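J.:
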Amino acid sequence: MQHVYFDHNATTPVAPAVLRDLTAALVEVNGNASSIHHFGQVAKLRLEKARREVAARIGCDPKEVVFTSGGTESDNLAIFGVAKRAKSAARHIVTTTIEHPAVLNACAQLEREGAIVTYLPVDREGLVDLDDVKRAIRPGTGLVTIMHANNETGTVQPLREIATLAQRAGAIFHSDGVQVGGRVPVNVRDLGVDLYSLSGHKFGAPKGVGALYVRKGITLEAMFFGGHHERDRRAGTENVPGAAAIGTATQLDFDWNSLAPLRDRLEQGIMARVPGTCVNGSLIHRLPNTTNIQFAGIEGEAIVIALDLRGFAVSSGSACSSGAVEPSHVLLAMGLTPEEARSSVRFSLGPGNTLTEVDSLIDAVEATVTHLRRISPQVVNV
Ligand SMILES: *Cc1c(COP(=O)(O)O)cnc(C)c1O
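Residue numbers (this note's numbering): 3 to 384.
1. Kindly indicate which residue of Ala168, Ser284, Ile118 has the alpha-carbon position closest to the one of Met336.
2. What residue from Phe314, Gln270, Ile307, His287 has the CA that sits closest to Ile295's CA?
3. Relative to ligand 1, is the shortest distance from any of its heavy atoms to the C-beta of Asp9 smaller than 8 Å?
4. Whole angstroms is fine: what's the gap from Leu129's alpha carbon to Val44's?
5. Could you tell me whether the Cβ atoms of Gly206 and Val20 are closer together than 9 Å?
6. Look up Ile148 in the DSSP assignment and say whether it is helix, strand or coil.
7. Inspect the CB distances between the stretch 192-204 and the stretch 263-282 and report whether three or more fall short of 8 Å.
8. Out of curiosity, what's the CA-to-CA distance linking Val158 and Thr25?
9. What's the gap between the Cα of Ala104 and the Cα of Val96?
10. With distances taken Cα to Cα, identify the nearest neighbour of Gln169 among Asn152, Ala304, Pro141, Val242.
11. Regarding His203 and ligand 1, is the C-beta to nearest heavy atom distance less than 8 Å?
12. Quick one: is the Cβ of Met336 within less than 8 Å of any heavy atom of ligand 1?
13. Counting C-beta neighbours from all protein chains within 10 Å, is the total for Gln4 16 or more, i.e. buried, or is it exposed?
14. Just the C-alpha distance for Ala402 and Phe8, rounded to the nearest angstrom, thanks.
15. Okay, do the stretch 66-83 and the stretch 213-223 touch, 3+ Cβ pairs below 8 Å being the bar?
16. Rounding to the nearest angstrom, what Cα-Cα distance links Gly238 and Gly352 in this structure?
17. At the level of alpha carbons, what is the spacing between Asp63 and Ala173?
18. Quick one: is Leu36 buried, meaning 16 or more other Cβ sit within 10 Å of its Cβ, or exposed?
19. How far does the beta strand (DSSP E) with Arg348 in it extend, from its first residue to its last?
20. Can you give the Cα-Cα distance for Leu167 and Ala27, rounded to whole angstroms?
21. Quick one: does the C-beta of Val186 sit closer than 8 Å to a heavy atom of ligand 1?
22. Quick one, which of Leu106, Gly183, Ile148 has its alpha-carbon nearest Asp257's?
23. Please confirm whether any heavy atom of ligand 2 lies closer than 8 Å to the CB of Glu75.
24. Please confirm whether Ile300 and Val371 have their CB atoms less than 9 Å apart.
25. Going by C-alpha to C-alpha distance, which of Leu334, Asp192, Ser362 sits closest to Ile100?
26. Mapping DSSP to helix, strand and coil, what is Leu122?
27. Which complete alpha helix (DSSP H) runs does the stretch 51-116 hold, if anything under 4 residues is left out?
28. Under 8 Å by Cβ, that's how I've got Ala224 and Val195 pegged, so tell me the actual separation to the nearest angstrom.
29. Ignoring anything shorter than 3 residues, give me the beta strand (DSSP E) runs that lie fully in the stretch 5-54, in order along the chain.
30. Quick one: Cα of Gly156 to Cα of Ala138, how far?
31. What are the start and end residues of the beta strand (DSSP E) that includes Asp176?
32. Indicate the three-state DSSP secondary structure (helix, strand or coil) for Val327 in the structure shown.
33. Which two residues bound the contiguous alpha helix (DSSP H) that contains Thr358?
34. Compute the Euclidean distance between the alpha carbons of Leu338 and Glu240, then round it to the nearest angstrom.
35. So what does Ile286 bridge to, in DSSP terms?
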């Protein structure tokens with residue numbers, strides 16, 4: 003059986019050009035980038051080339067790029083780095099209810115350490131209200147952390163406007179850009195962010211390497227205690243092959259915006275052929291590769307399992323904790339009932355997906371849902 007991948011928001015396969023440069027760095031670059039001899043110089047040069055590539059992709063200076071172990075570390079470094087730098091400066095943090103756990107749980111930890119965190123709601127489309135942001139920011143707000151695009155729905159927040167509000171109030175603005183940066187053009191200066199998180203494995207690099215944009219002038223308290231790597235912002239011998247990989251991944255010429263027609267075809271095909279469906283999240287402000295669809299009366303997880311048996315990888319966005327299917331916190335925050343949230347499925351496209359794959363996925367979804375509804379003990383009128 004052929005397995006087709008429609009779960010690129012979870013992770014992406016390593017791109018061939020990335021594999022080539024990753025392998026070359028592993029084989030040819032043996033030194034420690036901190037060593038002064040030839041081997042160290044080679045490693046340092048390779049590392050700085052990668053840093054320039056990442057910087058060029060997001061429109062910043064290479065000095066403003068810190069390599070990390072991934073999106074989770076970038077988020078943690080940004081949030082704790084600001085909060086711990088001046089204890090009083092970040093006693094109040096503004097975030098949203100739909101953030102990735104890497105942000106939500108970092109904020110929860112700071113609450114346990116005495117910080118006050120405001121969790122902004124979102125509307126039915128998954129968007130924050132700028133008036134809410136404005137009202138929430140107050141003197142003493144040290145940090146605003148609001149994601150660029152949501153991983154479950156693809157909804158894109160108005161970052162520029164939020165940045166202006168944060169800046170006016172003198173608060174530092176971090177955004178989790180993991181679903182955006184490296185995929186579609188992003189310019190951190192235009193966005194007005196102070197800190198911006200990237201993760202390599204969401205756009206063709208391997209898992210375990212990421213980057214944090216740290217605007218010049220922003221000083222972070224380091225999270226790791228060790229050597230003076232990454233300009234004292236992230237201790238630990240540099241992962242040069244990982245950096246090379248994320249650098250190359252930022253230079254791939256695949257345009258994720260070209261996935262929008264395929265995504266639209268998938269979405270429209272499912273909506274037209276399967277009754278009782280609707281799309282979760284904004285249809286306008288969203289990533290080009292993502293759609294999150296509700297299937298009335300059926301468990302999303304049952305669809306995910308059934309589609310997997312037919313060779314299609316999708317996601318129900320619901321985390322399995324203690325055996326119980328938890329409805330997505332993102333969909334609940336958008337006002338869906340727990341039943342509606344549990345009946346939702348995320349389809350996220352990526353570089354390999356073809357029109358043929360999309361059309362067979364539509365067929366598979368129709369067959370799966372028809373079957374599940376027939377055997378379902380619930381009688382659903384749709
Ligand atoms: C995947 C993801 C992360 C975590 O990145 P890792 O590199 O897997 O640690 C953080 N935020 C968002 C929005 C993500 O999609």
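Positions of the beta carbon are idealized from the N, C-alpha and C atoms, including for glycine.
Everything numeric in this text was worked out from a predicted model, so none of it was measured.
T.: Based on what the coordinates show:
1. Ser284
2. Gln270
3. no
4. 46 Å
5. yes
6. coil
7. no
8. 35 Å
9. 15 Å
10. Pro141
11. yes
12. no
13. exposed
14. No information on residue 402 is available, as it lies outside the stretch 3 to 384 that the chain covers here.
15. yes
16. 32 Å
17. 22 Å
18. Residue identity check: residue 36 is Ser in the sequence provided, not Leu. Exposed, because fewer than 16 other Cβ atoms sit within 10 Å of the Cβ of Ser36.
19. 346-350
20. 43 Å
21. no
22. Gly183
23. Ligand 2 is absent from the structure shown, which contains only ligand 1.
24. yes
25. Leu334
26. strand
27. 73-87, 103-114
28. Actually they do not touch by this definition, with Cβ atoms about 20 Å apart.
29. none
30. 24 Å
31. Going by the sequence as given, residue 176 is His instead of Asp. Its beta strand (DSSP E) spans residues 174-178.
32. strand
33. 357-377
34. 44 Å
35. The partner list for Ile286 (beta bridge, DSSP) is empty, contrary to what the question assumes.
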